[in-house]
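Asker:
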Amino acid sequence: MKQFIAELLGLQGWIIYRVKIESDRIDVYAGRPRKEASCPSCQTLTRRVHDRSREWRPKLHTRCNGLPVYLWVRPRRFKCPNCGKVFTERFPGIRPRARRTERAEVDWLENLKDRSFRRAAEVVRTSPGTLRRLLLKQVTNQVNIEEALKDLPAFALSIDEHSFRGQDMMITVTCVWPE
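Each number in the working numbering comes from the position in the sequence shown (counting from 1) with 192 added on.
Structure follows, in structure tokens:
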């Protein structure tokens, strides 16, 4: 049963300890079966566990039947035998100090395909500013504007109108043509 839940949530290779279903959320307590970790400073593999976090840390993972699914993890801290530094293990799909997994971010961006920022923010229960920052981070990581426009001829961009709606500047583009 736990293997089915892991596959359903995209957590293949994770150990599911417990699943708690509440009226407003689903909590999945999980960990990694890997016994060793690589030191971020010197890249040495170590099995020496220094400590384990006392608290489970929630990370928003996805939605299931309209309920948010939180992935609860308890990272171990390892001690490197080579350089002596203590470091925290990294989980795949979760950036350090992140509140949500990469899968949750992909789901949020999927909601932006056919909705406005405000409506998508209401659906995923976050702010439009958070969605905007997430989209800008994804676009700047994937698209190099200088590289994309390198082989194109120069063009003129005509801005017909601009106005302010609250704090947002609205621009109407009327004409784009080669110089």
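Each residue gets a CB set at the ideal place from its N, CA and C atoms; glycine is no exception. All values derive from a computational prediction rather than experimental measurement.
Out of Tyr262, Leu326, Thr236, which one is the CA nearest neighbour of tryptophan 248?
Answerer: Numbered from 1 along the sequence shown, position 56 holds the residue referred to as residue 248. The residue with the shortest Cα to Cα distance from tryptophan 248 is Tyr262.
Asker: Check whether the segment 279–292 and the segment 218–235 are in contact - that is, three or more C-beta pairs closer than 8 Å.
Answerer: Counting Cβ pairs under 8 Å, three or more are found: they touch.
Asker: How would you call cysteine 272, buried or exposed, if buried means at least 16 neighbouring beta carbons within 10 angstroms?
Answerer: Position 80 of the sequence shown, counted from the start, is the residue given in the question as residue 272. Buried, by the Cβ-count rule.
Asker: For phenylalanine 283, which residues does DSSP report across the bridge?
Answerer: The residue you call residue 283 lines up with position 91 of the sequence shown. DSSP lists no partner for phenylalanine 283.
Asker: Rank Glu314, Leu328, Ile213 by C-alpha distance to the C-alpha of asparagine 257 and give the top, closest one.
Answerer: Locating residue 257 in the sequence shown gives position 65, where the first residue counts as 1. Cα-wise, what sits closest to asparagine 257 is Ile213.
Asker: Which word fits proline 237, buried or exposed, when buried means at least 16 other C-beta atoms lie within 10 angstroms of its C-beta?
Answerer: Taking the first residue of the sequence shown as position 1, residue 237 is located at position 45. The displayed chain sequence assigns leucine, not proline, to residue 237. Leucine 237 comes out exposed.
Asker: By DSSP, does alanine 346 sit in helix, in strand, or in coil?
Answerer: Here residue 346 refers to the residue found at position 154 when the sequence shown is read from its first residue. DSSP places alanine 346 in coil when its eight states are reduced to three.
Asker: Apart from the five residues on each side of it in sequence, which residues of its chain come closer than 8 Å, Cβ to Cβ, to arginine 295?
Answerer: For the purposes of this step, residue 295 is taken as residue 103 along the sequence shown, with counting starting at 1. Contacts found: Gly202, His253, Thr254, Gly285.
Asker: Could you round the C-beta distance between phenylalanine 270 and valine 241 to whole angstroms and report it? I think they count as a contact, below 8 Å.
Answerer: Taking the first residue of the sequence shown as 1, we reach residue 270 at position 78. Taking the first residue of the sequence shown as 1, we reach residue 241 at position 49. Sure, about 6 Å apart at Cβ, within 8 Å.
Asker: In angstroms with no decimal places, state the Cα-to-Cα distance between arginine 244 and isoleucine 197.
Answerer: Taking the first residue of the sequence shown as 1, we reach residue 244 at position 52. Taking the first residue of the sequence shown as 1, we reach residue 197 at position 5. Going by the C-alpha atoms only, they are around 25 Å apart.
Asker: Taking its Cβ as the centre, do 16 or more other Cβ atoms sit within 10 Å of arginine 292, making it buried, or is it exposed?
Answerer: Numbered from its first residue, the sequence shown carries residue 292 at position 100. Looking at its Cβ environment, which holds 16 or more other Cβ atoms inside 10 Å, arginine 292 is buried.
Asker: On the DSSP bridge assignment, give the partners of glycine 261 in chain order.
Answerer: Counted from its first residue, the sequence shown places residue 261 at position 69. The amino acid at residue 261 is misidentified as glycine; the sequence shows valine. Looking at the DSSP assignment, valine 261 forms a beta bridge with Ile218, Thr254.
Asker: Give a single yes or no on whether threonine 236 has its beta carbon closer than 8 Å to a heavy atom of the ligand HEM.
Answerer: By its list of ligands, the structure shown contains no ligand whatsoever, and the ligand HEM lies outside what it can speak to.
Asker: Tell me alanine 229's beta-bridge partners as DSSP assigns them.
Answerer: For the purposes of this step, residue 229 is taken as the residue at position 37 of the sequence shown. Thr238.
Asker: Are the beta-carbon atoms belonging to arginine 217 and tryptophan 206 less than 9 Å from one another?
Answerer: Locating residue 217 in the sequence shown gives position 25, where the first residue counts as 1. Locating residue 206 in the sequence shown gives position 14, where the first residue counts as 1. No; because the gap between Cβ atoms is not below 9 Å, this pair is not in contact.
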